[in-house]
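There are 2 protein chains.
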Amino acid sequence: MTAANPQGAAPRRGRGRPSRTEAESGPGTRDRILAAAREQFSERGYDKASIRGIAKAAGVDSALVHHYFGTKDDVFAAAIEVTFEPAQGVVDTVADGLDGAGERLARFFFSVWENPATRTPLLAIIRSAVTHEAAAKILRAFVMRRLIERVEVDLEVPDPKFRAELAASHMVGIAMVRYVVKVEPLASADPEEIIALVAPTLQRYLTET
Amino acid sequence: MTAANPQGAAPRRGRGRPSRTEAESGPGTRDRILAAAREQFSERGYDKASIRGIAKAAGVDSALVHHYFGTKDDVFAAAIEVTFEPAQGVVDTVADGLDGAGERLARFFFSVWENPATRTPLLAIIRSAVTHEAAAKILRAFVMRRLIERVEVDLEVPDPKFRAELAASHMVGIAMVRYVVKVEPLASADPEEIIALVAPTLQRYLTET
DNA sequence: GTCTATATCGTGATAGAC
DNA sequence: GTCTATCACGATATAGAC
Chain A
9 MTAANPQGAA PRRGRGRPSR TEAESGPGTR DRILAAAREQ FSERGYDKAS IRGIAKAAGV
69 DSALVHHYFG TKDDVFAAAI EVTFEPAQGV VDTVADGLDG AGERLARFFF SVWENPATRT
129 PLLAIIRSAV THEAAAKILR AFVMRRLIER VEVDLEVPDP KFRAELAASH MVGIAMVRYV
189 VKVEPLASAD PEEIIALVAP TLQRYLTET
Chain B
9 MTAANPQGAA PRRGRGRPSR TEAESGPGTR DRILAAAREQ FSERGYDKAS IRGIAKAAGV
69 DSALVHHYFG TKDDVFAAAI EVTFEPAQGV VDTVADGLDG AGERLARFFF SVWENPATRT
129 PLLAIIRSAV THEAAAKILR AFVMRRLIER VEVDLEVPDP KFRAELAASH MVGIAMVRYV
189 VKVEPLASAD PEEIIALVAP TLQRYLTET
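Written out as structure tokens, the structure reads:
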């Protein structure tokens, strides 16, 4: 059922001869696998996501997944790799001055989480971190280095690390309730309404003594 | 290390004739299994925790776990059952008046999470909810009925449900960061220090317009 | 580059001996 | 009441055919 006959072959998924049109065997399949892995990990978490499931979603054989990426841990690492770029936005949040930093931080949070391309790997991390130590380490590093350390140096409060982490914990909570577990009414609320209420909280953590 | 037989017999685990000394076969083992299940689910989450692992931790055979509780889902339900009691504290939080409700809520949160007996089943729920739909449903019900609905009726703000859930989301986030993923410095901070900063936030969500 | 076949293991669950 | 034995399944991972 997989392959590839020059005649009127079955109208299935990625058929044989993947020369240049449909699947473009080389980097094309690699990216399809990667995208499938990201989606599987984000929806099911590390443990429940399987190599076979990823392979099926990508329309390839499971052995091919191993061939490209190695072990399951390697696949996971590759799937969430992109995530470590966009945290630059946090820097600007505070570097632009403490006035309105709470609102800028809240807006940055939603710009990341409302965009499927950046939300998917974050979901994969948060869904995996609660049980998979490797993912937990990544989440810790994310909260610490990408949020806390970028912010703390510019804060003019006692114990800035602690303040920054409280702000981060609130955002983690919103991510859990809105995007992971999906509790209403927050899950369907307009981001602007949330920003209006959360921004002052973040602002207070970052600046108010 | 478990045992207790009159002779010097083999130093294994629960051997035959479990009459009355060591394990007290009947309700004794049942409770040991339940305690082991709670611990396994709380540490590993639903998917990673196994019936065999629970049985081994309880010092019994895996078939016995099924014999007492049925399917894995049934075991999970039994393990977290206790959790649905202590939410009465939330009622008092707000029923005692809106003055200081934020601080009372924060203190109630830590009284539950700092106590291992109440923390363990909550960890089991939160660790399982991100991937296991049955647990997610329980968490949703917990946030909704035990927190939001108890509080909203007494709030004097527009959209009280939304306010209550924002407060709840912050507490979920603190639970994640402090107890589940364990990010420093929050994971080791003195609860009083956290209360001092978080209580005003909760108060603002519950009352301030 | 892609898939077939398989080795090896752990899982949930059940039947039934004692 | 407790454990032995087993079924049926799905997992990761590898070797190797084509």
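For the record, the sequence lines run as chains A and B. No gaps in the numbering here: position 166 of the first sequence is 174 in this note's numbering, and each next residue is one more. No gaps in the numbering here: position 79 of the second sequence is 87 in this note's numbering, and each next residue is one more. Think of the CB as a built atom: it goes at the ideal place given N, C-alpha and C, for glycine as much as any other residue. Predicted model only: the values in this text are computed from it and were never measured.
**Asked** With 16 other CB atoms within 10 Å as the buried threshold, where does residue 190 of chain A fall?
**Response** exposed
**Asked** Which runs of the alpha helix (DSSP H), 4 residues or longer, sit entirely within the segment 75–138 of chain A?
**Response** 80–88, 96–103, 109–121, 124–137
**Message:** Given a cut-off of 8 Å on the beta-carbon distance, is the pair residue 193 of chain B and residue 173 of chain A in contact?
**Reply:** Taking 8 Å as the Cβ cut-off, residue 193 of chain B and residue 173 of chain A qualify as a contacting pair.
**Message:** Just to make sure I have the definition right: I need the residues of chain B whose C-beta is within less than 9 Å of the C-beta of residue 220 of chain A. Which are they?
**Reply:** Because chain A here runs from 9 to 217, residue 220 of chain A falls outside it and cannot be looked at.
**Request:** Anything in chain B within Cβ reach of residue 135 of chain A, meaning under 8 Å, just list it in chain order.
**Result:** 138, 139
**Collapsed DSSP secondary structure at residue 144 of chain B in the structure displayed** = helix
**Prompt:** In terms of residue numbering, what span does the alpha helix (DSSP H) encompassing residue 179 of chain A cover?
**Reply:** 168–182
**Message:** Strictly under 8 Å for the Cβ-Cβ distance: is residue 182 of chain B near chain A by that measure?
**Reply:** yes
**Asked** Is the beta carbon of residue 91 of chain B less than 8 Å from the beta carbon of residue 133 of chain B?
**Response** yes
**Item:** Cβ neighbour criterion (16 or more within 10 Å) applied to residue 140 of chain B
**Value:** It counts as buried.
**Item:** residue 69 of chain A versus residue 63 of chain A - alpha carbon distance
**Value:** 5 Å
**Prompt:** Can you list the residues of chain A that residue 101 of chain B reaches, using a CB-CB cut of under 7 Å?
**Reply:** In chain order: nothing, as chain A lies at least about 18 Å away.
**Request:** With a threshold of 16 other CB atoms inside 10 Å of the CB of residue 56 of chain B, please say whether the residue is buried or exposed.
**Result:** buried
**Prompt:** CB-CB under 7 Å to residue 208 of chain A, same chain, minus the five flanking residues each way: which ones, in chain order?
**Reply:** 110
**Below-8 Å beta-carbon distance, residue 206 of chain B vs any chain A residue** = yes
**Asked** In chain B, which residues lie with their C-beta within 7 Å of the C-beta of residue 169 of chain A?
**Response** 193
**Asked** Mind checking if residue 173 of chain A is an interface residue toward chain B, Cβ cutoff 8 Å exclusive?
**Response** yes
**Request:** Could you tell me the boundaries of the alpha helix (DSSP H) in which residue 61 of chain A lies?
**Result:** 59–66
**Message:** So with CB distances below 7 Å, who are the chain A contacts of residue 148 of chain B?
**Reply:** 189, 191
**Request:** Take the Cβ of residue 75 of chain B as the centre, count every other Cβ of all protein chains shown within 10 Å, and call the residue buried at 16 or more, exposed below.
**Result:** exposed
**Asked** In terms of residue numbering, what span does the alpha helix (DSSP H) encompassing residue 212 of chain A cover?
**Response** 199–215
**Message:** Residues in the same chain with beta-carbon distance under 6 Å from residue 160 of chain B, minus the five sequence neighbours each way, listed in chain order, please.
**Reply:** 168, 169, 172
**Message:** Quick check on residue 178 of chain B - is its C-beta less than 8 Å from some C-beta in chain A?
**Reply:** yes
**Neighbour-count burial assignment, residue 47 of chain B, 16 or more Cβ in a 10 Å radius** = buried
**Message:** I need the DSSP call for residue 160 of chain B, collapsed to helix, strand or coil.
**Reply:** helix
**Request:** Would you please verify whether the beta carbon of residue 44 of chain A is less than 8 Å from any beta carbon of chain B?
**Result:** no
**Asked** Helix, strand or coil for residue 39 of chain A per DSSP?
**Response** helix
**Request:** Report the neighbours of residue 86 of chain B on chain A: residues whose CB is nearer than 8 Å to its CB, in chain order.
**Result:** Under the 8 Å cutoff, chain A gives no residues; its nearest Cβ is about 21 Å from residue 86 of chain B.
**Neighbour flag for residue 144 of chain A against chain B, beta carbons, 8 Å** = yes
**Prompt:** Within 10 angstroms of its Cβ, does residue 37 of chain A collect 16 or more other Cβ (buried), or is it exposed?
**Reply:** Label assigned to residue 37 of chain A: buried.
**Prompt:** Is residue 155 of chain A near the ligand NAD, in the sense that its beta carbon is under 7 Å from a heavy atom of that ligand?
**Reply:** Among the components of this structure there are no ligands whatsoever, and the ligand NAD is therefore not found.
**Close Cβ partners of residue 86 of chain B (< 8 Å) along its chain, the five nearest in sequence each way excluded** = 42, 45, 77
**Asked** Quick one: Cα of residue 202 of chain B to Cα of residue 107 of chain A, how far?
**Response** For residue 202 of chain B and residue 107 of chain A, the distance between alpha carbons rounds to 24 Å.
**Message:** Quick check on residue 51 of chain B: does DSSP put it in helix, strand or coil?
**Reply:** helix
**Prompt:** In the structure shown, what three-state DSSP assignment does residue 73 of chain B receive?
**Reply:** helix
**Item:** residue 212 of chain A burial status per 10 Å Cβ neighbour count (16 or more: buried)
**Value:** By the neighbour-count rule (16 or more Cβ atoms within 10 Å), residue 212 of chain A is buried.
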